[in-house]
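Protein chains in written order, with my numbering: chain D, 1 to 308; chain L, 309 to 616; chain E, 617 to 857; chain V, 858 to 1098.
For glycine and all other residues, C-beta sits at the position ideal for the given N, C-alpha and C.
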Amino acid sequence: MNLQEHFDATIERDQRIEPRDWMPEGYRKTMIRQVAQHAHSEIIGMQPEGDWITRAPSLRRKAILLAKVQDEAGHGLYLYSAAETLGADRTDLTERLIEGRQKYSSIFNYPTLTFADVGVIGWLVDGAAICNQVPLCRSSYGPYARAMIRICKEESFHQRQGYELLMTMMSGTQEQRDMVQDATNRWWWPSLMMFGPPDAESTNTAQSMAWKIKRHTNDELRQRFVDMSVPQAEKLGVTLPDPDLRWNPERGHYDFGQIDWDHFKEVVSGNGPCNKIRIERRRKAHEDGQWVRDAAAAYAAKHKEAVA
Amino acid sequence: MNLQEHFDATIERDQRIEPRDWMPEGYRKTMIRQVAQHAHSEIIGMQPEGDWITRAPSLRRKAILLAKVQDEAGHGLYLYSAAETLGADRTDLTERLIEGRQKYSSIFNYPTLTFADVGVIGWLVDGAAICNQVPLCRSSYGPYARAMIRICKEESFHQRQGYELLMTMMSGTQEQRDMVQDATNRWWWPSLMMFGPPDAESTNTAQSMAWKIKRHTNDELRQRFVDMSVPQAEKLGVTLPDPDLRWNPERGHYDFGQIDWDHFKEVVSGNGPCNKIRIERRRKAHEDGQWVRDAAAAYAAKHKEAVA
Amino acid sequence: AAELARSCLWLGDDALIMSHRLQEWVAAAPELEDEVALANIGLDLLGQARLLLARAAKADPALVPAVNQSDEDALAFFRAAEDFHNVRLVELAGGDFAFSMARLLVFSTWRLALFQRLVDSPDQVLTAIAAKGVKELTYHRDYAARWVVRLGDGTDLSHERMQAGLDEVWPYVDELFDGENEDDKALREEFDAVMAQVITAGALKQPYLRPVPTAGRHTEHLEPLLAEMQSVARAHPDATW
Amino acid sequence: AAELARSCLWLGDDALIMSHRLQEWVAAAPELEDEVALANIGLDLLGQARLLLARAAKADPALVPAVNQSDEDALAFFRAAEDFHNVRLVELAGGDFAFSMARLLVFSTWRLALFQRLVDSPDQVLTAIAAKGVKELTYHRDYAARWVVRLGDGTDLSHERMQAGLDEVWPYVDELFDGENEDDKALREEFDAVMAQVITAGALKQPYLRPVPTAGRHTEHLEPLLAEMQSVARAHPDATW
């Protein structure tokens, strides 16, 4: 059995590819891109919520939010490590991010305008992320699958916290309820876009499904998310901003309105409300930290010499 | 009559020395230092109050404060121009300031902690400045004397506005009254120090009096300020923080307590509460603006060439 | 009256927030002359904001939050971000001197063209505000234009920064011109003509950047601005100043 | 009880404000490992603040502003700057990573020594807070010390910045040790010994800078910090979150 056959058989048997295993270059490249984009998303995703830590209106919510953003940094760390098992380099990946050569989830290019956004991001954005990510816990690439197991566990915790914040706000003042509804209006459609373009237009899906690094199509996952979210919205007492949203007993699913894919493409291609600000901030942190990382490297080198 | 005699005679007759007149080097140097320090004080003095413009609690007060700080920038401008008539260079003077080689009034090394500080600075700090500056309208150096006439007019306007803010606050809530009293407690003694060390220890006074660039001693001016401020404090309803302050019918003046000159020397020598922050901020503005000034110079040069 | 109130409120909010961003240059400008000029422009706009907010409140008292403050202060200090109606252009935070001059040029060119039309408003108060404003805005525009030209045609570094500043501002231009009728088109043409002239004089390139899509009425920059601006007023809601 | 309340309030305020300054590093730290560590330290201190403020409120309910909020939130979000009792060290704004590590080293070394004594407090709640805090602060101190050493003995640039950071922090050290009795002196000695060790390991110079004189209880940095921290809470005084 040659290397390719061995690889194919491993995939076929639903076993995992590990860092030392031979793998086709296409698989390696695709995995690096997938894992890096996921890592970038965690890191960029710290910004829209992180901005509210210093302004959180209660100490308990401040602690919850700070812990959540810390988890996101932690997720970024595992994921960059998983990418490194494929031969990638963290600094190189960061540079690809800030030079716009690698993407991150477009959802983080929307602004957070009130504290209700923190709750809605937990509910809808983390909810959509979980729908996307649960199947990835069975990704054929071992380190990524294991990272996803841990990440999914923490994400569902974040989702519950977000939803709980919204429940509290909905039982508060009228202003708070208005904030929740407004945030829901702004985040609903972008959340649906998190599952990517419709299957008919998705180019990577077939190969990724064959390699078992993707296990459901975009439209399947999107439908699952809608079906899950509608009863949650009802329980919360907010209206989802889609007049076409209704239960379809024949399909056994909720029908929903047309997604504005032109808008989606605009945001993905760099022209969303906050693309520039997010990347600039990441670039600034990276550049401002250069002298610190240089110092750490210099110290480590000196120390090694001294020991040797 | 030689140059020196001509100069002496001009001074003697209470006439003004003008830029084209011959003057002794000592006079020139002393005047440059005096005018530059005054200019620096106006510019550094923009910071402690300027910080409250964006936080001013009413639009009217915001406008008044912004106009006042603008006036200070304007005063800085006239004064640097007056220094330039003596052969000094504005950029060079700015560099002396940010390198700590020239001083500015130590009063601006104290923090502004509440909006009441804006009022108390107007009342006490501008009040003390006016006591110091009114005699300078008769300075023997013409451009400085003329600048001082304009500046004093504007300063008394500022002083009235500051006092009026305090009157309004004193008729407001208890919290506002507490803020005014607290600010008065913090600014009273530093204001008394604005007149400089006691006459017995003041080194420059004699020569400056002879040259008529100074017309009253530090202690005379300080007494005038105290006599003026006590009834104002009574009218306002605040207590000046000096248990020894009382009317002395024999002297026909208010007696007041011992000034902590050790503290004064600390602040003058760079170790006040805000010395570092003030100079750093000025340095940063100067350095951040370098590329803009360079561009203006380059544009002017090109334009001149094009015309020629 | 509701229509008048709405116009005054929108114009007032633009001036108030733009003035705040200019106030941030205090003790930070490149030259003393610019300290004076920027404070002056900030003061003019603050003055416009006060008159416009007061007019809006008078035309539609329902707009004014129920607090124990004057109309202008109630509107400035006791509204939440979502109740402000300024354009996003004036909210944008940070940015260097080149960005600020590009924004001021765009803002004052647009606003001057608007005010020139408001001079014929049926409301006499608004007419008077506009007439005064036209003079002020002409000066603001000329100040900004002079710097855009000098920076554009100054050093290599300043040219690069000026172009970057212009590019940063440009995606927020379309939002200023949302009308569809003949006069709205004429307004845009006037604006484009002034911009083209300044851009050419500054040896700069006309940006062709697409507008930034809206997502909610504001950017992330407004809430922190208001937190700062309103902090003292809100800490003492019963105080008079 | 008043004495206990006072101690808890002071220690709680220190932790709350220091935590805020660490929160400002979110999405701005030099490495992801530091993002995680700084958030972690910020969380520990926030946790200490919550327990201490609650304890202070219980020991002396008169401290708590009369608003419809929990004790900890009433104290954190509805007090004015002049009612906060934190040391000035934790207020200082801006500053680069070297400054922040110097401050964290000073703060956690001092606080660890304090907490080691509080473990024997007669109040059982405070004892428990202190026991937990000792573990946390030991980690904070070690984290900061490692960076001070690495930056001090790293590159020429990092050495220069680390020394500057230390020099910037030093004038605020004396204020931490205002007691006169034997134990206060022992505390200072402990502190000095730790600092000397780290400073030597980092090839740095012991600063001999004079303390910054006080002028009022706080620096100019606290008011803007609170304006930001309290903005949402104060905009919605009747809300629950």
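By the DSSP assignment, the beta strand (DSSP E) with residue i in it spans what residues?
i, result
"residue 555(L)", "554-556"
"residue 689(E)", "Unbroken run through residue 689(E) is the alpha helix (DSSP H), 687-693; no beta strand (DSSP E)."
"residue 425(L)", "Looking at the DSSP string, residue 425(L) is not in any beta strand (DSSP E); the run it does join, the alpha helix (DSSP H), is 424-428."
"residue 253(D)", "253-255"
Could you check where the alpha helix (DSSP H) with residue i kicks off and where it finishes?
i, result
"residue 759(E)", "740-768"
"residue 641(L)", "In the structure displayed, chain L extends from 309 to 616; residue 641(L) sits before or after that span and is not available."
"residue 594(L)", "583-596"
"residue 1057(V)", "1039-1058"
"residue 309(L)", "Careful: residue 309(L) lies outside any alpha helix (DSSP H) and carries neither H nor E."
"residue 75(D)", "59-84"
"residue 152(D)", "142-170"
"residue 434(L)", "434-441"
"residue 492(L)", "482-501"
"residue 732(E)", "713-734"
"residue 659(E)", "648-675"
Looking only at C-alpha atoms, which of the options sits nearest to residue i?
i, options, result
"residue 745(E)", "628(E), 617(E), 618(E) and 656(E)", "628(E)"
"residue 418(L)", "1089(V), 1081(V), 1071(V) and 1047(V)", "1071(V)"
"residue 996(V)", "1011(V), 962(V) and 980(V)", "962(V)"
"residue 163(D)", "33(D), 299(D), 298(D) and 61(D)", "61(D)"
"residue 975(V)", "1040(V), 930(V) and 926(V)", "1040(V)"
"residue 580(L)", "553(L), 411(L) and 358(L)", "411(L)"
"residue 971(V)", "1092(V), 871(V) and 1080(V)", "871(V)"
"residue 422(L)", "526(L), 477(L), 534(L) and 443(L)", "477(L)"
Apply the 10 Å Cβ neighbour rule to residue i and answer buried if 16 or more other Cβ atoms are within range, or exposed otherwise.
i, result
"residue 6(D)", "exposed"
"residue 834(E)", "buried"
"residue 482(L)", "exposed"
"residue 262(D)", "exposed"
"residue 45(D)", "buried"
"residue 209(D)", "exposed"
"residue 201(D)", "exposed"
"residue 797(E)", "exposed"
"residue 1(D)", "exposed"
"residue 312(D)", "What is shown of chain D runs 1 to 308, which leaves residue 312(D) out entirely."
"residue 4(D)", "exposed"
So, for residue i: in the same chain, excluding its five sequence neighbours on each side, which residues have a beta-carbon less than 6 Å away from its beta-carbon?
i, result
"residue 719(E)", "785"
"residue 1021(V)", "none"
"residue 693(E)", "846 and 849"
"residue 388(L)", "347 and 398"
"residue 865(V)", "909, 912 and 913"
"residue 451(L)", "390 and 393"
"residue 264(D)", "193"
Could you round the C-beta distance between residue i and residue j to whole angstroms and report it? I think they count as a contact, below 8 Å.
i, j, result
"residue 1084(V)", "residue 847(E)", "3 Å"
"residue 855(E)", "residue 565(L)", "Not a contact, Cβ separation roughly 33 Å."
"residue 73(D)", "residue 889(V)", "6 Å"
"residue 874(V)", "residue 1033(V)", "Between residue 1033(V) and residue 874(V) the Cβ distance is about 14 Å, and since that is not below 8 Å, they are no contact."
"residue 659(E)", "residue 378(L)", "7 Å"
"residue 76(D)", "residue 42(D)", "4 Å"
"residue 958(V)", "residue 1001(V)", "5 Å"
"residue 1006(V)", "residue 1059(V)", "4 Å"
"residue 714(E)", "residue 676(E)", "39 Å between Cβ atoms; not a contact."
Spatial neighbours of residue i within its chain, please: C-beta separation below 7 Å, excluding the five flanking residues on both sides.
i, result
"residue 402(L)", "594"
"residue 238(D)", "180, 181 and 184"
"residue 586(L)", "352, 355, 416 and 417"
"residue 23(D)", "7 and 17"
"residue 222(D)", "192 and 195"
"residue 965(V)", "994, 997, 998 and 1001"
Check the Cβ-Cβ distances between residue i and every residue of chain A, and say whether any is below 9 Å.
i, result
"residue 596(L)", "Among the protein chains of the structure shown, namely D, L, E and V, there is no chain A."
Go through its chain and collect everything with a Cβ distance to residue i's Cβ below 8 Å, but skip five positions before and after it.
i, result
"residue 984(V)", "975, 976, 977 and 978"
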